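So the structure is just underneath, and the comments pick up after that.
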Amino acid sequence: MADTVEMQDIRGLDIDKFVKGFGKTNYVFKGLVNVSSTSADHIRWYQRTAGDRTATAPSVVANVSPLSIFPTLEESWTRNTSYVKKYAAEGFISMEDMKSSDIDVVTSTLGMLTRAVIKQVDSDIYNVLTENQSPTNIGTGAATGNGWDDTTNGNPILDIMAAKQAIAEEDYDAENGIIAMDPKNHKDLLNYIITIKGSSIPAFSSEKVRNGVVMNILGMGVVVSNNVVADSVYVGKPDVSCTWRSHTDTTSAAIEEKGIGTKFRVWELGIGTLTDPKASYLITDTNA
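Start counting the sequence shown at 1405; every next residue gets the next number (the working numbering).
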């Protein structure tokens, strides 16, 4: 059957299925945060004040006397409004290339377009988790010494434990959370563990296929991504801290221009919201 405008089947390749499958296996941070759907172009959401609430009147919850007024607990939230973002890319394949290269050129183009979209989505989610590396609500602290590549005074393990402590002190459970870093900090972390401290190589994680975790240390999964901004490391519970409001999931279309070629488009709409900031922590100055 001949291909027509906006068909998803080009010579037996289900384009939309390919793009969705490709995207699903290449997302890192979108696969770690909470995801919910929305049909609106803007989102009204609430950012929680961390910590357990304390009684305001009377002042204690325990030992309430018979017939007395119940203690009152008050939750604290900050209302925010965010607007859905559109992520999109397109590429064109000539009629001649389509005929001579068949599926290979199509899958290569679709992979390139999809990767461009999901990389930007993941980058934006990371920026939400870290407040664009300028924390005001999430926890933060500078790395020990001159950073993780400081082989004399640096101490990545102490930095990670300090992050876990800060999260726990805000009444969030940091266990089974995520430590996200770029390839350089991953190298520095392994160098500290293996070379400097003489410990064994951490075991490869079977979670990698599912969510990008490459190994586990200190009760947390280590994620390595180029979307992690250099000179910083994220520690926390992304699925608690952030919600990705999905308006339109990763989608594609093939638009044929008769006698010329086919245009391929990939797009996604959504926005990240930082609902529980204290479940996240940013270690800064990790590079000397």
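Yeah, the Cβ is synthetic: ideal placement off N, Cα and C, and Gly gets one too. The structure presented is a predicted model; accordingly, all values stated were derived computationally and were not measured.
Per DSSP, the continuous beta strand (DSSP E) segment holding residue 1678 begins and ends at 1665 to 1678. In the structure shown, residue 1486 adopts extended strand secondary structure according to DSSP, grouped into three states.
By the neighbour-count criterion, in which 16 or more other beta carbons inside 10 Å mark a residue as buried, residue 1683 falls on the buried side. Here residue 1596 carries a helix assignment [DSSP, helix/strand/coil]. Taking 8 Å as the cut-off, the Cβ atoms of residue 1514 and residue 1493 do not count as close. A distance below 7 Å between beta-carbons, with the five flanking residues on each side excluded, links residue 1557 to the following residues of its chain, in chain order: 1548, 1549, 1550. In the DSSP assignment, residue 1653 falls outside any alpha helix (DSSP H) and lies within the beta strand (DSSP E) extending over 1646 to 1661.
An exposed status is given to residue 1481, since fewer than 16 other beta-carbon atoms sit within 10 Å of its beta-carbon. In the structure shown, residue 1518 adopts helical secondary structure according to DSSP, grouped into three states. The three-state reading of DSSP puts residue 1494 in strand, counting E and B together.
Between residue 1678 and residue 1629 a beta carbon distance of about 18 Å is seen, past the 8 Å cut, so the two are scored as non-contacting. In the three-state scheme derived from DSSP, where H, G and I count as helix and E and B as strand, residue 1438 is classed as strand. With contacts defined by Cβ atoms closer than 8 Å, residue 1427 and residue 1654 form a contacting pair. The Cβ atoms of residue 1685 and residue 1639 lie closer than 8 Å to each other.
In this chain, the alpha helix (DSSP H) harbouring residue 1423 covers 1419 to 1430. Put simply, the backbone Cα of residue 1689 is about 52 Å away from that of residue 1469. When secondary structure is reduced to three states using DSSP, residue 1550 falls in the coil class, being assigned neither helix nor strand. Assigned with DSSP and collapsed to three states, residue 1626 falls in strand.
The DSSP-derived three-state label of residue 1686 is strand.
Non-local beta-carbon contacts of residue 1555 in its own chain, meaning distances under 7 Å to residues more than five positions away in sequence, involve 1600 in chain order.
By the C-beta density criterion, residue 1446 is exposed, having fewer than 16 other C-beta atoms within 10 angstroms.
With contacts defined as CB atoms closer than 8 Å, residue 1439 and residue 1491 fail to qualify as a contacting pair.
Shown here, residue 1469 sits in coil according to DSSP, grouped into three states, outside any helix or strand. Bounds of the alpha helix (DSSP H) holding residue 1569 are 1560 to 1573.
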